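Down below is the structure, laid out as structure tokens.
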Amino acid sequence: MLSPTPADSIQLTADGQLKHFLTTEGLPQALLTQILDTADSFVDMGEQQVKKVPLLRGKTVANLFFEASTRTLSTFELAAKRLSADVLNLNISTSSTAKGETLKDTLMTLRAMHCDMFVVRHSASGAAHFIAEQVTPDVAVINAGDGRHAHPTQAMLDMLTIRRHKGEFTPLKVAIVGDILHSRVARSQIHALRTLGVAEIRVIAPMTLLPRHIESLGVKVYTEMSRGLRDVDVVMMLRLQKERMQTALLPSESEFYKLYGLTEAKLAYAKPDALVMHPGPINRGVEIESAVADGPRSLILDQVTNGIAVRMAVMSMAMSGQLTQQNTLTSSAAAYEA
Amino acid sequence: MLSPTPADSIQLTADGQLKHFLTTEGLPQALLTQILDTADSFVDMGEQQVKKVPLLRGKTVANLFFEASTRTLSTFELAAKRLSADVLNLNISTSSTAKGETLKDTLMTLRAMHCDMFVVRHSASGAAHFIAEQVTPDVAVINAGDGRHAHPTQAMLDMLTIRRHKGEFTPLKVAIVGDILHSRVARSQIHALRTLGVAEIRVIAPMTLLPRHIESLGVKVYTEMSRGLRDVDVVMMLRLQKERMQTALLPSESEFYKLYGLTEAKLAYAKPDALVMHPGPINRGVEIESAVADGPRSLILDQVTNGIAVRMAVMSMAMSGQLTQQNTLTSSAAAYEA
Amino acid sequence: MLSPTPADSIQLTADGQLKHFLTTEGLPQALLTQILDTADSFVDMGEQQVKKVPLLRGKTVANLFFEASTRTLSTFELAAKRLSADVLNLNISTSSTAKGETLKDTLMTLRAMHCDMFVVRHSASGAAHFIAEQVTPDVAVINAGDGRHAHPTQAMLDMLTIRRHKGEFTPLKVAIVGDILHSRVARSQIHALRTLGVAEIRVIAPMTLLPRHIESLGVKVYTEMSRGLRDVDVVMMLRLQKERMQTALLPSESEFYKLYGLTEAKLAYAKPDALVMHPGPINRGVEIESAVADGPRSLILDQVTNGIAVRMAVMSMAMSGQLTQQNTLTSSAAAYEA
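See below:
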């Protein structure tokens, strides 16, 4: 029998398996650890001659990008192909929505084509949840970034990168630096870091780029790099979303760089073996100095490699969870009818 | 020996197999039934875990879309991939034709790359026939819509949807509603319905959206929904092609909806178990009321599912016919030389 | 032990295998012959029912086209898919470079995604070499045309076409006709023809479309078709790159056609069995008369077919060379550490 599922657990099956991946918020530690363990095995596979497994063979993954992003799209496309899925790239802005079709009709149509998974990027916060609600239980939904809300695969690739270099999360002090206010990446990182049990999470930003009540997420707030970076084990830089900063929240890029750009001088405040991370693409001389980006402590390219592995992990786990769910529903319905 | 093939049977091999699929007009009933039977087996496959068969493995399908259509392109792309073909999507408007190459040269070039099948959409009536003539017998051509002429896979997915719900064609009264004048879908539906032997075909439209001499196709003409829908078993709505209605053929969308939009009130004229169909994407409140589109008699999403199956059917049948034809020609040539 | 590799042999491994394919210049005759032999086997495969081999299975080929070219992109995409590679098409102009990322960062990111091969087209001469230097030894680079510098796969498909029709290179007189000045194709053809040992290479062009010191490449220069075509075995026409001729190097297209367009009258100067070639897409009535392009001596469509085979050949050879190189480096590093 199917036990009732609370509304906020749309991501999980009744027995706790992943079936959508929409946010890192509220997921249990064991599940995040399972994602990291699964991803670890795919990192190793990436080094082999044949980088392909048949886990999604005969499945169709539709990339629904309402917001253009060549880099993120490419990583999901590669992850899906290396899982042997058939991939459909849909540039929705040029699609049927232009002909007056509603979003829901587009979703129902793609479901009717027997797409098994949607990878969704959208400029509106909550879009991935909305879509998952529409297409459950037939289609698994992976959030590839929605508004300011969440970018959970980015957060989990960051977690994987930290774990592969530091081993344990519990002793770590981690600083997130930059435009916290507009960053879905920061939100997803904070939730994941808390759940995985790091000792301390800091955010470093000018007051104008900090959300109100950010402390309620369990983070310490700093407005100066010299204090915020002191003794941290990991520095996670954010991308400066120029397109999101049309209002005068900042005097200028050069002013930002002077105060918050990660230079070797500022990095000296952190522990000597501190890791440097950035979700990319990087703006050299805006968020980060080239000497740091290309330096021995930078893990920026490891993050890219780990990103493919994490996406393969959540795609294969969510597909497996969906199939379990569908079978449960089918047997449940059969039992009801019998 | 190869018996001579009449000019109007370009779609069939000498022994009656499908080798191009350009129009439903003139095809024998047995062939349409074979398409439906083959498609039925693919509908069942769509429910399975691995939605893939190797029928087109090692074949190349080139989608030649001279007219943009994300939805139709996606269904053909999925159908080809589920048949294990390699797929090449060509947006021709941005291609070599811009460099002054003629259409024929583009076709000959793609044939020389050993493409095995072209899926063609074009704004000019007759384009698919022209292309098939150029590339026979090396390449199989599937018409994905040419001007006002034909959209045969749309018509056959409609036939499949009717047969799966009604069983037999012969007792049925079917009404086609909307812009008959500009509709390639309506033309292909009428030819298929006649060949499959339905009892009565009606078209319902304002006088300004009816082609002259439409009665010669064997249909009954109505200009009012109240009379045209009376006692029908199937209501097939057409899409209002706004882009094709620049001249003042209609007062307004709201006027059209008032007279010809399918509402629950108007649907009451039809039989209580009448099926409601629409090729999509739907314009809610223009051609159809949401309560009808989402209601229990609507088969709009079944049509989408059946569309993949029908496309897989005609692609595999046409490829098989082309191979038979090529082998016949080869042995014929060998016999001639010997 | 790894012997040192001179800077100009970036294309070859220490033991002489192809690992990048950037230019025909400087490659040994044995290697060009190996490319042609390998391609020959793929031409035969193109005639078979299943046009697919698993040589690049589990490998990722990224097409990096900084300059749009649907036709060339399609041939590389088909070649990669017929080798069973996963293919990623990147339209770089709409990609991260727009977000301020440097070219080198884009390359490093794609390498970190474990792409195994880049197919590169760029408007700057030398771009393919630059990219190969950045990503050696992890990624094999194939030059699909860089500025005025080289287009080596085009040259090798021309060589394959000549060899399949003439058998031997040494007795041949070959004329290259048209805009030599701006042509990367002509440069790559000249280097390949010399290495393969043809008896005589001629270039025919107006003085304004000839590079200075072109004779130093070992060619004979003609400015008149009547003299230049006399007794040649092969006529290789170039495409008139209208977009590259904004300055007044030529009076007009019709003037060019009158003097240098290949007509049946001018072709009569060549040997009776002379081959006619053109890289396509052709401008009928500008570089070539339709009667010649479609005539019995034209090999323009053979070139297209052979182009797929040559691309499959260099892609599989370069991948194999890269793997050898990587293994050598690994064992070399292991030996050093041991």
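Chains as they are written, first to last, in this note's numbering: chain F, 1 to 338; chain Y, 339 to 676; chain R, 677 to 1014.
Beta carbons are placed, not taken as given, at the ideal position from N, Cα and C, and that holds for glycine.
Please read all numbers here as calculations on a predicted model, not as lab measurements.
Would you mind reading off the limits of the alpha helix (DSSP H) that contains residue i?
i, result
"Glu-602 (chain Y)", "602-605"
"Gly-228 (chain F)", "225-228"
"Phe-468 (chain Y)", "465-473"
"Ile-711 (chain R)", "705-722"
"Ser-820 (chain R)", "According to the sequence as given, residue 820 (chain R) is Ala; it is not Ser. Per DSSP, Ala-820 (chain R) belongs to no alpha helix (DSSP H); it is in the beta strand (DSSP E), 816-822."
"Met-784 (chain R)", "779-788"
"Phe-594 (chain Y)", "591-598"
"Ile-768 (chain R)", "Counting along the chain, Ile-768 (chain R) falls outside any alpha helix (DSSP H), and DSSP gives it neither H nor E."
"Ala-862 (chain R)", "860-872"
In terms of residue numbering, what span does the beta strand (DSSP E) encompassing residue i cover?
i, result
"His-122 (chain F)", "117-122"
"Glu-625 (chain Y)", "Premise fails: Glu-625 (chain Y) is in no beta strand (DSSP E) and is neither H nor E."
"Arg-878 (chain R)", "876-880"
"Ala-62 (chain F)", "60-65"
"Leu-275 (chain F)", "275-277"
"Met-207 (chain F)", "Looking at the DSSP string, Met-207 (chain F) is not in any beta strand (DSSP E), and its letter there is neither H nor E."
"Lys-220 (chain F)", "220-222"
Going by beta-carbon coordinates alone, are residue i and residue j separated by less than 8 Å?
i, j, result
"Val-120 (chain F)", "Val-139 (chain F)", "no"
"Val-232 (chain F)", "Ala-274 (chain F)", "yes"
"Leu-421 (chain Y)", "Val-391 (chain Y)", "yes"
"Met-751 (chain R)", "Gly-956 (chain R)", "In the sequence under discussion, the amino acid at residue 751 (chain R) is Thr, which differs from the Met named in the question. For Thr-751 (chain R) and Gly-956 (chain R), no; Cβs fall outside 8 Å."
"Leu-519 (chain Y)", "Pro-549 (chain Y)", "yes"
"Leu-22 (chain F)", "Pro-152 (chain F)", "yes"
"Ala-39 (chain F)", "Ala-313 (chain F)", "yes"
"Arg-565 (chain Y)", "Thr-102 (chain F)", "no"
"Gly-516 (chain Y)", "Met-563 (chain Y)", "no"
"Leu-510 (chain Y)", "Leu-370 (chain Y)", "no"
"Ala-669 (chain R)", "Arg-878 (chain R)", "For residue 669 (chain R) there is no data in the structure shown, the boundaries of chain R being 677 and 1014."
"His-487 (chain Y)", "Arg-522 (chain Y)", "yes"
"Val-648 (chain Y)", "Met-494 (chain Y)", "yes"
"Thr-1004 (chain R)", "Ala-690 (chain R)", "yes"
"Val-135 (chain F)", "Leu-107 (chain F)", "yes"
"Ala-423 (chain Y)", "Lys-389 (chain Y)", "no"
"Phe-118 (chain F)", "Ile-92 (chain F)", "no"
"Tyr-933 (chain R)", "Val-962 (chain R)", "yes"
"Thr-170 (chain F)", "Ala-199 (chain F)", "yes"
Name the DSSP bridge partner or partners of residue i?
i, result
"Lys-842 (chain R)", "Per DSSP, none; premise fails for Lys-842 (chain R)."
"Ser-74 (chain F)", "Looking at the DSSP assignment, Ser-74 (chain F) forms no beta bridge with any residue, so it has no partner."
"Leu-836 (chain R)", "Leu-836 (chain R) pairs with nothing; no bridge assigned."
"Ala-175 (chain F)", "F:Arg-202 and F:Val-235"
"Ala-150 (chain F)", "F:Asp-146"
"Leu-365 (chain F)", "Look at the range of chain F in this structure, 1 to 338, and you will see that residue 365 (chain F) is not part of it."
"Ser-298 (chain F)", "F:Val-276"
Which whole-angstrom value describes the C-beta separation of residue i and residue j, a residue pair presumed to lie in contact below a C-beta threshold of 8 Å?
i, j, result
"Leu-731 (chain R)", "Leu-78 (chain F)", "Actually they do not touch by this definition, with Cβ atoms about 20 Å apart."
"Ala-62 (chain F)", "Cys-115 (chain F)", "4 Å"
"Val-292 (chain F)", "Leu-262 (chain F)", "5 Å"
"Gln-302 (chain F)", "Thr-161 (chain F)", "Before going on, a small fix: residue 302 (chain F) reads as Asp here, not Gln. About 5 Å; that satisfies the 8 Å criterion."
"Ile-638 (chain Y)", "Glu-471 (chain Y)", "Not really, about 35 Å apart at Cβ, beyond 8 Å."
"Thr-72 (chain F)", "Ala-144 (chain F)", "6 Å"
Between the region 782-815 of chain R and chain F, which residues of the former have CB atoms less than 7 Å from a CB of the latter, in chain order? Cβ contacts with chain F: Met-784, Thr-785, Ala-788, Met-789 and His-790.
Could you run through the region 748-765 of chain R and flag, in chain order, every residue whose CB is less than 9 Å away from some CB of chain Y? Ser-750, Thr-751, Glu-753, Leu-754, Lys-757 and Arg-758
Residues, ordered as in the chain, of the region 255-282 of chain F that lie near chain R by beta-carbon distance below 8 Å: Gly-280, Pro-281 and Ile-282
Could you run through the region 314-325 of chain F and flag, in chain order, every residue whose CB is less than 9 Å away from some CB of chain Y? Leu-323
Cβ-based contacts, 7 Å cut-off: residues of the region 725-750 of chain R near chain F: Arg-733, Gly-734 and Thr-736
Residues of the region 293-304 of chain F with a CB closer than 7 Å to any CB of chain R: list them in chain order, please. Leu-301 and Val-304
Beta carbons nearer than 8 Å to chain R: which residues of the region 140-172 of chain F have them? none
Interfacial residues, the region 511-530 of chain Y to chain F, with Cβ spacing under 9 Å: none
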